[in-house]
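Numbering (my numbering), first residue to last: 141 to 451.
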């Protein structure tokens, strides 16, 4: 039991904590376990593969969301780890298949590819009225590529890579661990798979050059590229700070998000310090007068917002 462990063993970086057993004794249970443990009122499963795990919650038959881990989650060994977007999808009552990644391999793994192909062949995805694939960065790549197995599915991808195949994107200088994977495997280039989806909503910072080059490889009337200026590689956190992530996600899920409506919501960025810092970083040297004007306007908007909140 936990009380039998020494104080040293209870420390997160102690070797004994890495066995898993001690983490179960001392860490809280994952929130998703409430639905799936023997006494829970949910239906689903956890299937562990070699380099990935699949967690499925059966809720509504009207919508299934398939989400993918990003690289920030890959090294998370905590017992309480949950799939990308789990709480949001649970609160909305949607069925959810969350893909845990235990390596930063960009899903270049025959086992996870075979798993998805088998599920599609056996009609797993066909039981839902609508399927949405979602993720950020590496997870956005997974969403864009594996969605090809469900023609007509919508995709929501934040700062995704379209591929790390150096033959296709020789200018990509990030993610060396991903670049050395097997890019001859299926579902390796989102620029090819995106033509099969219903709508692909892709969020990116046009001033972050590598992300911009990646997403502009995506072509087609079904691709909706949406700018998150000065968010760097953190589009979703910016939308969350602006308190518009939920409404944006809800409309994108339905395939009804229109750029004009999105950019109206994005006007709130003018009062966000992160946005002003981005303007200063990009234009401080080249356009100092314009930056000074922007800074004055930012301060006026912030004062007005604070006054409105206090009233």
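Here a beta-carbon is modelled for each residue, glycine too, at the ideal position from N, C-alpha and C.
- If you draw a 10 Å sphere on the C-beta of residue 311, you find fewer than 16 other C-beta atoms in it, and that means exposed.
- Below 8 Å, too few C-beta pairs join the stretch 298-316 and the stretch 253-270 to call them touching: fewer than three.
- Under the three-state reduction of DSSP, residue 301 is assigned to coil, being neither helix nor strand.
- When 316, 228, 284, 360 are compared, the shortest CA-CA separation from residue 327 is found for 284.
- Under the criterion of beta carbons closer than 8 Å, residue 362 and residue 330 do not qualify as touching, at roughly 13 Å.
- Taking C-beta atoms as the reference points, residue 236 and residue 230 count as a pair closer than 9 Å.
- With respect to the C-alpha of residue 318, the residue from 373, 396, 189, 249 having the closest C-alpha is 249.
- Under the three-state reduction of DSSP, residue 315 is assigned to coil, being neither helix nor strand.
- Every unbroken stretch of the alpha helix (DSSP H) spanning 4 or more residues and falling wholly within the stretch 200-274 is given here in chain order: 211-214, 226-231, 250-261.
- Residue 392 is classed as buried because its beta carbon has at least 16 other beta carbons within 10 Å across all chains shown.
- Put simply, the backbone Cα of residue 409 is about 41 Å away from that of residue 181.
- Here residue 429 is exposed, its C-beta having fewer than 16 other C-beta atoms within 10 Å.
- For residue 279, same chain residues with a beta-carbon under 6 Å away, outside a window of 5 residues either side, are 208, 209, 210, 224 in chain order.
- Counting only residues of its own chain and dropping the five nearest sequence neighbours on each side, residue 273 has a CB closer than 7 Å to the CB of 206, 283, 286, 287, 293, 295.
- Distance from the CA atom of residue 221 to the CA atom of residue 376, rounded to whole angstroms, is 19 Å.
- The C-beta distance from residue 219 to residue 246 rounds to 25 Å, too long to meet the 8 Å contact threshold.
- Restricting attention to 406, 166, 268, the CA atom closest to the CA of residue 199 is found in 268.
- If you draw a straight line from the Cα of residue 337 to the Cα of residue 171, it comes to about 31 Å.
- Residue 185: not part of any alpha helix (DSSP H); member of the beta strand (DSSP E) spanning 183-188, first to last residue.
- Distances from the alpha-carbon of residue 381 to those of 412, 366, 398, 359 put 412 closest.
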